[in-house]
Amino acid sequence: MNKLLIVLLFPSFIFSQIINIETKEESNKNVLSGATEIEFDYNKSTETDWEFINSSYLRWNIDFLTILFINEIDLNRAGDEDFANDGFQHLRVIYHINDNFAIESFIQNQHDLVHNIENRKLAGLGLSKAFSKLGIVGFSTFYEHEELVGDVINYDFRLNFYNRLIFEIFEKLTFSNVLYFQPKLEDFFDFRLALEATLIIPLSEKLSFNNSLSLSHDSSPAFEIPNTTYQFKNSLKYEF
400 MNKLLIVLLF PSFIFSQIIN IETKEESNKN VLSGATEIEF DYNKSTETDW EFINSSYLRW
460 NIDFLTILFI NEIDLNRAGD EDFANDGFQH LRVIYHINDN FAIESFIQNQ HDLVHNIENR
520 KLAGLGLSKA FSKLGIVGFS TFYEHEELVG DVINYDFRLN FYNRLIFEIF EKLTFSNVLY
580 FQPKLEDFFD FRLALEATLI IPLSEKLSFN NSLSLSHDSS PAFEIPNTTY QFKNSLKYEF
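Under our numbering, the first residue of the sequence shown is numbered 400, with each subsequent residue one higher.
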């Protein structure tokens, strides 16, 4: 089995409440592939500031089937205050009808205490299609069970529209863009919107430097949480 190692540099702030899964679905001829990103920072002055981030995924391709598992954790504490305390686990099974169409089923578990999300579980089913100029376009519906700080519990059905587009700016410079729109099924004015744009600079065949901007908007966020949050991140990524 291939060994994997990656060190994440210069992480930033505010975790998006919509989780980007589509960047982990790149086609790969290997039966088993994946990547992991690990970072640990520790600073001590008038108070202790430490951060731990781990992002890992495994992808198994066999004939017409792809199984994808993702695990991410982000802890950032300064003194007695948490600037990040979130994580999620995502399992997706993709049935490739042909080169352009795929049926996707997925389950997910998530928490984000800084954004007052104690737990969010969802399960869904959808369809995606690859276009030559529009990239990958997907549509799905999912059931969501959400527990917020303050004993607020929501049970919702949501739609999920996403578009993933990748193109080369120059010969060795790649731009990736993923857009999500997730309205509540019975009320389209209650929606979540997310955008993640990434500039990918290859350093070698398996190593790349990534610069990304993530923007997330929730029309009905948890109590005392802003509608719009964003994140800047620079990282080194190694894939096998």
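Idealized CB from N, CA, C, for every residue including glycine.
Residue i classed as buried or exposed, judged by whether at least 16 other C-beta atoms fall within 10 angstroms
i	result
Asn559	buried
Asn475	buried
Glu567	exposed
Thr540	exposed
Tyr441	exposed
Val551	exposed
DSSP-derived helix/strand/coil call for residue i
i	result
Val513	helix
Gly478	coil
Lys528	strand
Leu547	strand
Lys605	coil
Leu533	coil
Ile413	In this prediction, Ile413 has a pLDDT of 34, which is less than 50 and means its spatial position is unreliable; nothing more can be read from the coordinates.
Ser430	With the sequence shown as reference, residue 430 is identified as Val, and Ser is not the correct amino acid for it. It is coil, neither helix nor strand.
Asp448	strand
Asp589	strand
Ala522	strand
Ile370	For the chain, the structure presents residues 400 to 639; residue 370 sits outside this window and is missing.
Glu471	strand
Ile405	For Ile405, the predicted model reports a pLDDT of 34, less than 50, meaning its position is unreliable and no value from the coordinates is stated.
Residue i vs residue j beta-carbon contact at 8 Å
i	j	result
Gly433	Ser455	yes
Leu594	Leu614	yes
His544	Ile624	no
Arg557	Leu584	yes
Leu547	Ala621	yes
Cβ-based neighbour list, residue i, same chain, cut-off 6 Å, excluding 5 preceding and 5 following
i	result
Leu592	Phe580, His616
Phe451	Phe439, Leu474
Ile472	Asn453, Gly486
Ala501	Ile493, His495, Ser527
Thr627	His616
Asn508	Gln488, Lys520
Tyr542	Ala522, Phe556
Residue-level contact to chain D via CB, residue i, 8 Å cutoff
i	result
Leu474	Chain labels in this structure do not include chain D; a single protein chain is all it has.
Residue i: first and last residue of the uninterrupted beta strand (DSSP E) it sits in
i	result
Asn499	First-last for Asn499: undefined, no H or E at that position.
Phe574	572 to 583
Asn633	627 to 637
Spatial neighbours of residue i in its chain, beta-carbon cut-off 7 Å, leaving aside the 5 residues before and after
i	result
Leu602	Phe608
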